[in-house]
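Under our numbering, the first residue of the sequence shown is numbered 125, with each subsequent residue one higher.
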Amino acid sequence: MVSDFLGSWYVTKHWRPGRKEIEFVNSLKPKSCPCCGSKDIVKKGKQKKTGLQRWKCKSCGKRFTPLTGTVFDSRKIPIADWIEYLIHLFEYHSVSSAAYDNRNADSTGYYWLKKVFFVLKGYQDDIVLKSKVWIDETYVSIWKTARTKKGTNELRGLSRNQCCICTGTDGKKTFLIFCGMGKPSSPKAWRSYSPHIPKEATLIHDGERSHNILIEKLALKSEVHSTEETKGMPDGVNPMNEINTVHRYLKRFLSRHDGFDTDELQDWLNLFCFLWNEGPNDYDRVTAFIDRAVRKRALLRYSEWADSE
Numbered sequence: 125m126v127s128d129f130l131g132s133w134y135v136t137k138h139w140r141p142g143r144k145e146i147e148f149v150n151s152l153k154p155k156s157c158p159c160c161g162s163k164d165i166v167k168k169g170k171q172k173k174t175g176l177q178r179w180k181c182k183s184c185g186k187r188f189t190p191l192t193g194t195v196f197d198s199r200k201i202p203i204a205d206w207i208e209y210l211i212h213l214f215e216y217h218s219v220s221s222a223a224y225d226n227r228n229a230d231s232t233g234y235y236w237l238k239k240v241f242f243v244l245k246g247y248q249d250d251i252v253l254k255s256k257v258w259i260d261e262t263y264v265s266i267w268k269t270a271r272t273k274k275g276t277n278e279l280r281g282l283s284r285n286q287c288c289i290c291t292g293t294d295g296k297k298t299f300l301i302f303c304g305m306g307k308p309s310s311p312k313a314w315r316s317y318s319p320h321i322p323k324e325a326t327l328i329h330d331g332e333r334s335h336n337i338l339i340e341k342l343a344l345k346s347e348v349h350s351t352e353e354t355k356g357m358p359d360g361v362n363p364m365n366e367i368n369t370v371h372r373y374l375k376r377f378l379s380r381h382d383g384f385d386t387d388e389l390q391d392w393l394n395l396f397c398f399l400w401n402e403g404p405n406d407y408d409r410v411t412a413f414i415d416r417a418v419r420k421r422a423l424l425r426y427s428e429w430a431d432s433e
């Protein structure tokens, strides 16, 4: 009895990947060597104990698997658990509830969240919208950054307590950039919007003065719909509905993950942008995330994360 129990406990504690997981991992094709970055790589047999596909770099001679040097490297939990966690996170579950549903500790949930942020860092860098673009700013309050006037009341209105998020969409792709506290200046608007808007596009906006620099430098056609014009207008006929829809879902998403500070806001925006751009199917999103993680080849060890907290 004791020996049987001890044997089952040992198997549980010393997890080994199953056949399906090995097949899934082997289906992932690395694009480059995790050691030197060379794309001149070839298959080189399989590991005896696990059956994982090995690859060899012709440039540096190093051998590796599809997960070497990724956030899944040296994993102690099956990738199936990762997939379940990602699906819960993508469905707007809180980090704690996603970890609970996945039967993991809260610390594991937050560690995995940092890995998600790690993989998605720079996700928006290459996003350039099509020829018809809606832009607008939305504002969120983050309690950890709240400042007061003369040590009493919080500053009111679009003050330093309001984080400004510059948003753009062409109806399909979207970008969201945290550009600082309060209303954006022309230089901030330029830094946030210009990398994602093509020249000579049609810009649909609310006439905010900081947008003028975009219109001038990118030779954009300007279509203005002021807040006074669109206020109270039904969604179906509101010319700003494309951008308003993004903001509605963004506020709902952020409300499920309150308590973070400004240092994390862009990470959350990257995650929301990824969910929005990769389509409504969670399995497609998971596939896109894992593919990006394998291509990125970047590690985040638990000790590094714990020391930074």
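A virtual CB, placed ideally from N, CA and C, is assigned to each residue, including glycine. All values derive from a computational prediction rather than experimental measurement.
{"query": "Would you grab the beta carbon distance between LEU300 and PHE396 for me? Rounded to a whole angstrom, and I think it's under 8 Å.", "result": "6 Å"}
{"query": "Hey, could you find the ends of the beta strand (DSSP E) GLN177 is sitting in?", "result": "177 to 181"}
{"query": "Once you ignore the five residues that flank ILE211 on each side, which residues in its own chain have a CB closer than 6 Å to its CB?", "result": "ASP406"}
{"query": "Would you kindly check if the distance between the Cβ of GLU366 and the Cβ of GLY295 is under 7 Å?", "result": "yes"}
{"query": "Apart from the five residues on each side of it in sequence, which residues of its chain come closer than 7 Å, Cβ to Cβ, to VAL243?", "result": "VAL195, PHE413, ARG416, ALA417 and LYS420"}
{"query": "Write down the C-beta distance between GLU261 and PRO322 rounded to the nearest angstrom, noting that I regard them as a contact closer than 8 Å.", "result": "At roughly 20 Å, the Cβ-Cβ gap does not stay under 8 Å, so GLU261 and PRO322 are not in contact."}
{"query": "With DSSP as the reference, label ARG416 as helix, strand or coil.", "result": "helix"}
{"query": "Kindly list the residues whose CB is nearer than 8 Å to the CB of LYS274, restricted to its own chain and excluding five residues on each side of it in sequence; keep chain order.", "result": "Its pLDDT being 48, under 50, LYS274 is placed unreliably in this model, and the coordinates cannot settle the point."}
{"query": "Out of curiosity, what's the CA-to-CA distance linking LYS297 and LEU327?", "result": "15 Å"}
{"query": "Specify, as a first and last residue, the run of the alpha helix (DSSP H) that GLU340 falls within.", "result": "336 to 341"}
{"query": "Which whole-angstrom value describes the C-beta separation of CYS287 and TYR263, a residue pair presumed to lie in contact below a C-beta threshold of 8 Å?", "result": "7 Å"}
{"query": "Taking the continuous beta strand (DSSP E) assigned at SER265, which residues delimit it?", "result": "256 to 265"}
{"query": "Need the endpoints of the alpha helix (DSSP H) that ILE301 sits in, please.", "result": "Unbroken run through ILE301 is the beta strand (DSSP E), 298 to 305; no alpha helix (DSSP H)."}
{"query": "Is the distance from the Cβ of ASP330 to the Cβ of THR351 below 7 Å?", "result": "yes"}
{"query": "Tell me whether the beta-carbon of ASN285 lies closer than 7 Å to the beta-carbon of SER265.", "result": "yes"}
{"query": "Please state whether the Cβ-Cβ distance between GLY292 and VAL257 is less than 7 Å.", "result": "yes"}
{"query": "Are there 16 or more other CB atoms within 10 angstroms of the CB of ARG409, so buried, or fewer, so exposed?", "result": "buried"}
{"query": "Output the distance between the C-alpha atoms of TRP400 and ASN394, rounded to the nearest integer angstrom.", "result": "10 Å"}
{"query": "Straight-line CA distance for GLU388 to GLN248?", "result": "15 Å"}
{"query": "When DSSP labels each residue in this structure, what does HIS329 get in the three-state scheme?", "result": "strand"}
{"query": "Can you name the start and end residues of the beta strand (DSSP E) that GLN286 belongs to?", "result": "286 to 293"}
{"query": "Of the choices GLY304, SER156, ALA204 and LYS170, whose alpha-carbon is the least far from that of PHE148?", "result": "ALA204"}
{"query": "Taking GLY356 as the reference, which of GLU347, ASN368 and SER346 has the closest Cα?", "result": "ASN368"}
{"query": "Which residue comes first and which comes last in the alpha helix (DSSP H) that contains SER316?", "result": "310 to 317"}
{"query": "Output yes or no for whether 7 Å exceeds the beta carbon distance between ILE251 and HIS320.", "result": "yes"}
{"query": "Can you tell which of LEU338, LEU253, LEU213 and LYS345 has its C-alpha closest to the C-alpha of LEU378?", "result": "LEU213"}
{"query": "Once you ignore the five residues that flank LYS254 on each side, which residues in its own chain have a CB closer than 6 Å to its CB?", "result": "ASP294"}
{"query": "Quick check on the DSSP output: the alpha helix (DSSP H) that includes LYS170 runs from which residue to which?", "result": "Note, LYS170: premise wrong, no alpha helix (DSSP H); beta strand (DSSP E) at 165 to 170."}
{"query": "Taking HIS349 as the reference, which of PRO363, ARG333 and ARG187 has the closest Cα?", "result": "PRO363"}
{"query": "Based on Cα-Cα distance, which residue from LYS163, CYS303 and TYR216 lies nearest to SER334?", "result": "CYS303"}
{"query": "DSSP beta-bridge partners for LYS345?", "result": "THR326"}
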